[in-house]
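Listed in order, the protein sequences are those of chains A and B. Take the first sequence: its position 8, counted from the start at 1, is 467 in the working numbering, and no numbers get skipped. Take the second sequence: its position 29, counted from the start at 1, is 30 in the working numbering, and no numbers get skipped. All C-beta atoms, glycine included, are put in the ideal place defined by N, C-alpha and C. Step one of this worksheet: look at the structure below.
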Amino acid sequence: MKTLMQSVFRALLVPAVLLLIWELVAAPGQEFLAKPSEIAPVAWQILLDGTLLKNASQTFAAALGGFSIGVSAGVFFGLMLGLYPTFARISEIPFETIRPIPSVALVPLSLLTFGFGLRMEVAVVAFGCFWPAAIYANAAAQQIEPRLEEVSRNLGLGFFKRMWSVIIPASLPTIFVGIRIAAALALVISVTVEVAANPRGLGYAMIIAQQTLKPALAFAYLFWIGIIGVLLNYLLVSIQLKYFAAGTKIRRP
Amino acid sequence: MIFQDYAKALLPWRHAYGNVSLALEARGVPTKQREPIIMNLLEKVGLADHYKKLPSELSGGMQQRLQIARCLAMEPRLLLMDEPFGALDALTRQTLQDEVARIASETGVGVIFVTHDLEEAIYLGDRVISLDKNPGRIREIRDINLPRPRTQLETRATVEFLDHRHHLFNILQH
């Protein structure tokens, strides 16, 4: 019991000190830096009255949609790159040319194509999630034990059977690292798109808070976005620990 | 085809059962019919009690047996074994030699067995083909007419066995 108390104390010490400094530094009457004591009730209120849930679910829909599309396409593309050197050679130039484009730079184009709303956000998120998935799937496919390829040929496995029973399970632990990165990225990109252009979700709620001069509200959203990110990562690490921990050095953060 | 590096040739995420099942899945055997076939094969190689273990939980000899079971699941007419027991300890090796001989006679499967071990070749073979090095041409084909079933202790001590061994040894010296 004592050690639990100690570890809780240790974990909370730095945040508590930082919050205290913040509270003291934010002078009364200062308009744009809200105090923690002002932010906390607002954060609690948007949780209770459902606005947080409404905005978060909009952001989540876009993040999840884009993540699913981007990761599936990326994993498939990456595996092909890793398995077929000829394919890797012919797609190297387009791959390396498109990859450095920041996702957010696609916002204007996506806006023209899809208009405001869910679809344009999904498209941008998918673009961003594609790359980590593709890069890790490529690396995973290259690391597959060559003997397993011989075994597949020996047993006469067809393309799909080979993919499903050998290639994908063998590369899943590495691919999952890419999936974790893509998931974090999906949240970042969707909020960014909302801040930059799309009138929906958590990002837009923060823009509204800014334009109506409610810094406490903006901070409250920021706080919840952080919490969502932590929970998401916790969930993914749990999955990783449960299924892919063997032989790796994954630790709970 | 049985590989020498058994540890790499098995799917590490599938149980012994699932590794044998892979060969049946490849052949398109329906799920319901697989179980008796798999258990029968595992029985044949002495792994029936270990069907739920992952390859990493099996010893080297057991992993090699599992690979043999998987190959047999393809119902092959011919097994190609490339130094399959090269990495095993002497005792396990002898046990597996006897098992391969038994399985071959029970199932009627033909076996092409590559080895660097003279005695292993004579002990297991009906016919020993010695190869020249560089380029690998056939040097001599020698029929082995030792009676079966052979036993590690007695067969290896017979005059015929030692005769073959002398002969092959001399060939390989030149």
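Closer than 8 Å at the beta carbon, the chain A residues around residue i
{"i": "ASP6/B", "result": "ARG606"}
Where residue i falls: helix, strand or coil (DSSP)
{"i": "GLY137/B", "result": "coil"}
{"i": "PRO712/A", "result": "Model confidence at PRO712/A stands at a pLDDT of 46, short of 50, so the residue's coordinates are unreliable; what they give is reported in the following sentence. Note: PRO712/A maps to coil in three-state DSSP."}
{"i": "ASP50/B", "result": "helix"}
{"i": "VAL112/B", "result": "strand"}
{"i": "VAL566/A", "result": "helix"}
{"i": "LEU80/B", "result": "strand"}
{"i": "SER131/B", "result": "strand"}
{"i": "ILE686/A", "result": "helix"}
{"i": "ASP508/A", "result": "coil"}
{"i": "ARG103/B", "result": "helix"}
{"i": "ARG143/B", "result": "strand"}
{"i": "ILE627/A", "result": "helix"}
{"i": "ILE603/A", "result": "coil"}
{"i": "MET3/B", "result": "Correcting the residue identity first, residue 3/B is Ile in this sequence and not Met. If DSSP states are grouped into helix, strand and coil, ILE3/B belongs with the strands."}
{"i": "PHE575/A", "result": "coil"}
{"i": "THR651/A", "result": "helix"}
{"i": "LYS494/A", "result": "coil"}
{"i": "ASN657/A", "result": "coil"}
{"i": "ASP164/B", "result": "helix"}
{"i": "TRP14/B", "result": "coil"}
{"i": "ARG35/B", "result": "helix"}
Exposed unless 16 or more other CB atoms sit within 10 angstroms - verdict on residue i
{"i": "PRO674/A", "result": "buried"}
{"i": "ILE626/A", "result": "buried"}
{"i": "GLU653/A", "result": "buried"}
{"i": "MET82/B", "result": "buried"}
{"i": "ILE139/B", "result": "exposed"}
{"i": "TYR124/B", "result": "buried"}
{"i": "TRP503/A", "result": "exposed"}
{"i": "GLN34/B", "result": "exposed"}
{"i": "ALA642/A", "result": "buried"}
{"i": "GLU555/A", "result": "exposed"}
{"i": "GLY685/A", "result": "exposed"}
{"i": "TYR702/A", "result": "exposed"}
{"i": "SER516/A", "result": "exposed"}
{"i": "ALA158/B", "result": "exposed"}
{"i": "LEU511/A", "result": "buried"}
{"i": "PRO712/A", "result": "Only weak support exists for where PRO712/A lies, its pLDDT of 46 falling under 50; the value from the coordinates is given anyway. By the neighbour-count rule (16 or more Cβ atoms within 10 Å), PRO712/A is not buried but exposed."}
{"i": "GLN68/B", "result": "buried"}
{"i": "MET464/A", "result": "exposed"}
{"i": "GLY706/A", "result": "Its pLDDT being 46, under 50, GLY706/A is placed unreliably in this model, and the value from its coordinates should be taken loosely. The residue in question, GLY706/A, is exposed, as its Cβ has fewer than 16 Cβ neighbours within 10 Å."}
{"i": "SER562/A", "result": "buried"}
{"i": "GLN602/A", "result": "exposed"}
{"i": "PHE114/B", "result": "buried"}
Where residue i meets chain B, residues with beta-carbon distance less than 7 Å
{"i": "GLY615/A", "result": "ALA27"}
Assumed close pair residue i, residue j - CB separation to whole angstroms, cut-off 8 Å
{"i": "LEU89/B", "j": "GLY61/B", "result": "6 Å"}
{"i": "MET63/B", "j": "HIS51/B", "result": "7 Å"}
{"i": "ILE505/A", "j": "ALA629/A", "result": "Actually they are not in contact, since the Cβ atoms of ILE505/A and ALA629/A sit about 45 Å apart, beyond 8 Å."}
{"i": "GLY587/A", "j": "LEU644/A", "result": "5 Å"}
{"i": "LEU177/B", "j": "LEU73/B", "result": "Here chain B covers residues 2 to 175 and nothing more, so residue 177/B does not appear."}
{"i": "GLY537/A", "j": "ASN597/A", "result": "4 Å"}
{"i": "GLU580/A", "j": "ALA521/A", "result": "4 Å"}
is_contact[residue i, chain B] using C-beta, thresh 8 Å
{"i": "VAL625/A", "result": "yes"}
{"i": "VAL610/A", "result": "yes"}
{"i": "PRO561/A", "result": "no"}
{"i": "LYS701/A", "result": "no"}
{"i": "PRO591/A", "result": "no"}
{"i": "PRO628/A", "result": "yes"}
{"i": "PRO712/A", "result": "Legend: pLDDT at PRO712/A = 46, less than 50; position of this residue unreliable, no value from coordinates given."}
Beta carbon proximity, residue i to chain A, threshold 8 Å
{"i": "ALA177/B", "result": "Not covered by the structure: residue 177/B. The range shown for chain B is 2 to 175."}
{"i": "MET75/B", "result": "yes"}
{"i": "ALA10/B", "result": "yes"}
{"i": "MET40/B", "result": "no"}
{"i": "MET63/B", "result": "no"}
{"i": "MET82/B", "result": "no"}
Amino acids of chain B, ordered along the chain, whose beta-carbon sits closer than 8 Å to that of residue i
{"i": "LYS620/A", "result": "GLU26, ALA27"}
Residue i Cβ short of 7 Å to the ligand ADP heavy atom set
{"i": "SER531/A", "result": "Ligands displayed in this structure: none; no statement on the ligand ADP is therefore possible."}
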